[in-house]
């Protein structure tokens, strides 16, 4: 269970967060097939419960572009471990970034994603953490959710993710159930492709972004060239306009 921040648990001169958060690190290896092997490589870097505490920790971390290949930085609500087994009913949204098209683009996106998480911009406690992973040709950002029992919740998270990262309306994102990850020992391999239908109120971006706008080969865990035809898209998600609760208007990005 996530640790909520209560009075007396933080410096009164600092801005408290809704819950405490913990940074973790991990290195991908080919032999980590069991959870105990994964836990051995998973390192807890530190926890914080204020905005200022986040920046104190983040100042010591390598920037996304400096992170060695096959390494991951994970930011999760304190009280949760970044493991598939911890959230058997959940999964994660995945954004792949073509490093060769914009070497520094991932730094800005990763910072925005972390700030959105700790600032509760998703406006849902179902968001439990976010991950940055480096691979051979691309960097991967993912946002984990607690449960898929309420299907509309995870789609709202995916739509908000595209808004927070300012993705092009044609950009694809992927989703992977943790139960599937437990079967194939990979967070990213065989992930399902999604494209959100644009809302009538959304103005399409005119600039190109280094985000995949063609589906990746779902069997690939590391590299992709994004050359599959649009017909390979698995699902077309509904626009924000169908959300009776006005989700797209909820949640402000922290200043």
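Numbering (the numbering used here), first residue to last: 240 to 494.
We treat Cβ as the ideally placed atom computed from N, Cα and C, and that holds for glycine.
Report task. Give a yes or no on contact between the segment 286-293 and the segment 321-334, applying the rule of three or more CB pairs nearer than 8 Å. Result -> As far as the Cβ criterion goes, the segment 286-293 does not touch the segment 321-334, which means the pair count is below three.
**Report entry** Straight-line gap, residue 326 to residue 377 (C-alpha atoms, nearest Å)
**Finding:** Looking at the two C-alpha atoms, the distance is approximately 26 Å.
Query raised in the report: Is the segment 427-435 touching the segment 401-419, taking contact as three or more C-beta pairs under 8 Å?
Result: Three or more beta-carbon pairs drawn from the segment 427-435 and the segment 401-419 are found closer than 8 Å, and the two stretches are therefore classed as touching.
Requested in this report: Taking the CB atoms as reference points, tell me whether residue 336 and residue 400 lie closer together than 8 Å.
Outcome: With contacts defined by Cβ atoms closer than 8 Å, residue 336 and residue 400 do not form a contacting pair.
Query raised in the report: Apart from the five residues just before and just after residue 300, which ones in its own chain have a Cβ nearer than 8 Å to its Cβ?
Result: Result list for residue 300: 262, 284 and 312, in chain order.
Query raised in the report: What's the C-alpha gap between residue 358 and residue 352?
Result: Distance between the alpha carbons of residue 358 and residue 352 is about 10 Å.
Requested in this report: Alpha carbon to alpha carbon, how far is residue 384 from residue 368? Give it in angstroms, no decimals.
Outcome: Between the C-alpha atoms of residue 368 and residue 384 there is a straight-line separation of about 7 Å.
Report task. Give the DSSP-derived three-state secondary structure of residue 395 in the structure shown. Result -> Here DSSP, grouped into helix, strand and coil, assigns residue 395 to helix.
Query raised in the report: If you drop the 5 nearest sequence neighbours on each side, which residues of the same chain put their C-beta closer than 7 Å to that of residue 349?
Result: Taking C-beta separations shorter than 7 Å and ignoring five residues to either side along the sequence, the partners of residue 349 in its chain run 303, 371 and 380, following chain order.
Query raised in the report: Using CA coordinates, which residue listed in 395, 387 and 403 is at the minimum distance from residue 419?
Result: When each option's Cα is compared against that of residue 419, the closest is 387.
Query - Local conformation of residue 282 per DSSP, three classes - result: Reduced to three states, the DSSP call for residue 282 is strand.
**Report entry** DSSP state of residue 335 mapped onto helix, strand, coil
**Finding:** DSSP, reduced to helix, strand and coil, places residue 335 within a strand of the structure shown.
Report task. Kindly indicate which residue of 259, 266 and 332 has the alpha-carbon position closest to the one of residue 307. Result -> Minimum Cα distance to residue 307 is reached at 266.
Query - Beta-carbon separation (whole angstroms), residue 496 vs residue 427, contact threshold 8 Å - result: Residue 496 is absent from the structure shown; the chain starts at 240 and stops at 494.
Query - beta strand (DSSP E) segment containing residue 305, residue limits - result: It is not in any beta strand (DSSP E) - residue 305 carries neither H nor E in the DSSP assignment.
Query raised in the report: Does DSSP put residue 387 in a helix, in a strand, or in coil?
Result: Coil at residue 387, not helix or strand.
Report task. Would you give the residue range spanned by the beta strand (DSSP E) that residue 262 belongs to? Result -> 255-266 is the span of the beta strand (DSSP E), which, as asked, contains residue 262.
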